[in-house]
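S.K.:
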Amino acid sequence: MEHPEDGAVGKAVAVLKALRTADAGSSARELSARTGMSRSTVQRALTTLAATGMVEQGADRRYRIGPQALLIGLGYRQGMSLVSAARPLMVALRDRTGETVGLSIRTGWSRVFIEEVQSTLPLRFASELGVLYPLWSGATGRILMLDLDEDEVEQALADRTGGERLHRALTPPQARELLERARRDGWAGAADETIAGVRSLAVPVRGPHGEVVAALSVSGPGVRLAAAEAEVLTALQQSATRLGRTLGRAD
Numbered sequence: 001m002e003h004p005e006d007g008a009v010g011k012a013v014a015v016l017k018a019l020r021t022a023d024a025g026s027s028a029r030e031l032s033a034r035t036g037m038s039r040s041t042v043q044r045a046l047t048t049l050a051a052t053g054m055v056e057q058g059a060d061r062r063y064r065i066g067p068q069a070l071l072i073g074l075g076y077r078q079g080m081s082l083v084s085a086a087r088p089l090m091v092a093l094r095d096r097t098g099e100t101v102g103l104s105i106r107t108g109w110s111r112v113f114i115e116e117v118q119s120t121l122p123l124r125f126a127s128e129l130g131v132l133y134p135l136w137s138g139a140t141g142r143i144l145m146l147d148l149d150e151d152e153v154e155q156a157l158a159d160r161t162g163g164e165r166l167h168r169a170l171t172p173p174q175a176r177e178l179l180e181r182a183r184r185d186g187w188a189g190a191a192d193e194t195i196a197g198v199r200s201l202a203v204p205v206r207g208p209h210g211e212v213v214a215a216l217s218v219s220g221p222g223v224r225l226a227a228a229e230a231e232v233l234t235a236l237q238q239s240a241t242r243l244g245r246t247l248g249r250a251d
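Position one of the sequence shown corresponds to residue 1 (UniProt numbering), numbered consecutively onward.
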C-alpha cells in the first residue's frame with residue numbers, strides 16, 4: 001500500500017510544511033534538503049503549487065507560502081480567538097468612523113490582512129485578504145515591526161517580496177525613519193503607499209504579555225480621512241485597547 005506522503009499530493013504537502021517555517025523563503029535546493037526529496041521532485045511540486053497560488057516565487061527567486069494557502073488558513077482563523085474577539089469591535093469601529101477597518105498580522109517578513117469590515121460609503125477602500133505585502137510597507141506594517149530587534153529590522157527591510165504590488169515603495173532609509181516615528185508615537189499613518197489616494201491609520205493590538213499580536217487599522221479616501229484623523233485615531237486606539245483586554249492582556 002502506498003504511503004500517503006509518497007503520492008503527488010503528499011509531496012506537495014511536505015513542501016508546504018517546509019515553507020511554513022521558512023521566514024525568508026526557500027530555494028528548491030533548500031527544500032530538497034529539508035524534505036529529503038529529490039530536487040526534481042520538489043521542483044515539480046513547486047510548479048504545481050505556484051500555478052494554483054499555494055506558493056509564490058519572489059524577485060529573489062525564493063519560494064514562499066502563497067495567497068491561496070493563506071486564504072485557506074483564514075477559514076481556520078475565523079474560529080480562533082483573535083478574529084472572533086476582533087470582529088464585533090471592528091464592526092463598531094466601522095460604524096463609528098464610517099471607514100473600512102482591517103486586522104493584519106505578520107507572516108515572516110510580510111504582512112497580511114486576516115479580517116476586514118468594509119465601509120458602507122459609496123467611495124471606500126477594500127483590502128485583499130490573504131495577499132502578502134512587504135512588512136516594511138504601509139501603516140500596518142510599521143506597527144507589526146514595533147517589537148523587532150535591529151537584526152530583524154534589517155532582514156525585513158532587505159526583503160522586497162510583494163513590493164511590486166505597492167503604488168509607492170519606500171526606500172529602506174524612508175521605511176526606517178517612519179518606523180522610528182511609529183515607535184515614538186505609538187501609531188502609524190500612511191498615504192498613497194499601497195493604493196493611490198488611500199490613507200490609513202494603524203495601532204497595535206497587544207497580547208497578554210504586551211507583545212504586538214496584530215495591527216488594527218482604519219483606511220479610506222485620503223482627503224476624507226485626513227479631515228477626521230484625530231477623531232478616527234482616538235476611536236482606533238480605544239478599540240485596540242478593548243481588543244487587547246479581551247485577549248487577556250493585563251493593564
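Note that beta-carbon positions come from the ideal geometry of N, C-alpha and C, so glycine has one too.
The model shown is predicted, which means the values in this text are computed figures rather than measured ones.
1. Using only CA atoms, which one of R183, G189, L89, G53 lies nearest to L148?
2. Between V138 and T52, what straight-line distance do the alpha-carbon atoms span, to the nearest angstrom?
3. So which of G222, I105, I114, L123 has the shortest CA-CA distance to R142?
4. Tell me the residue span of the beta strand (DSSP E) that contains L216.
5. For A196, count the other beta carbons within 10 Å of its own beta carbon; 16 or more makes it buried, fewer makes it exposed. Which is it?
6. What's the gap between the Cα of R20 and the Cα of A8?
7. Using the three-state DSSP reduction, which class does I114 fall into: helix, strand or coil?
8. Is the CB-CB distance between L82 and M90 below 8 Å?
9. May I have the straight-line CA-CA distance separating A214 from V205, to the nearest angstrom?
10. What do you get for S84, buried or exposed, if any count of 16 or more other CB atoms within 10 angstroms of its CB means buried?
11. Would you report the Cα separation of Q78 and I65, rounded to the nearest angstrom?
12. Any chance the stretch 110 to 120 sits against the stretch 229 to 237, with 3 or more Cβ pairs inside 8 Å?
13. Among residues of its own chain, excluding the 5 on either side of G189, which ones have a beta-carbon nearer than 6 Å to its beta-carbon?
14. Could you tell me which of S27, G162, V42 sits nearest to V13, measuring between CA atoms?
15. Output needed for G248: all residues of its chain with C-beta closer than 6 Å, excluding positions within five of it in sequence on either side, in chain order.
16. Determine, using beta carbons only, whether G233 and L93 come nearer to each other than 8 Å.
17. Could you check the C-alpha separation between L132 and Y63 for me, to the nearest Å?
18. If the criterion is Cβ atoms closer than 8 Å, does the pair P122 and T161 meet it?
19. Tell me the rounded alpha-carbon separation between F125 and V198.
M.R.: According to the structure shown:
1. R183
2. In the sequence as displayed, the identity of residue 138 is Gly instead of Val. Using only the alpha carbons, I get a separation of about 27 Å.
3. I105
4. 212 to 221
5. exposed
6. 19 Å
7. strand
8. no
9. 5 Å
10. exposed
11. Reliability fails at Q78, whose pLDDT of 43 lies under 50, so the model's placement of it is uncertain and the value that follows must be treated cautiously. Between Q78 and I65, the C-alpha separation is close to 19 Å.
12. no
13. A139, L201
14. V42
15. P208
16. Correcting the residue identity first, residue 233 is Leu in this sequence and not Gly. Not in contact: L233 and L93 (Cβ atoms no closer than 8 Å).
17. 13 Å
18. no
19. 7 Å
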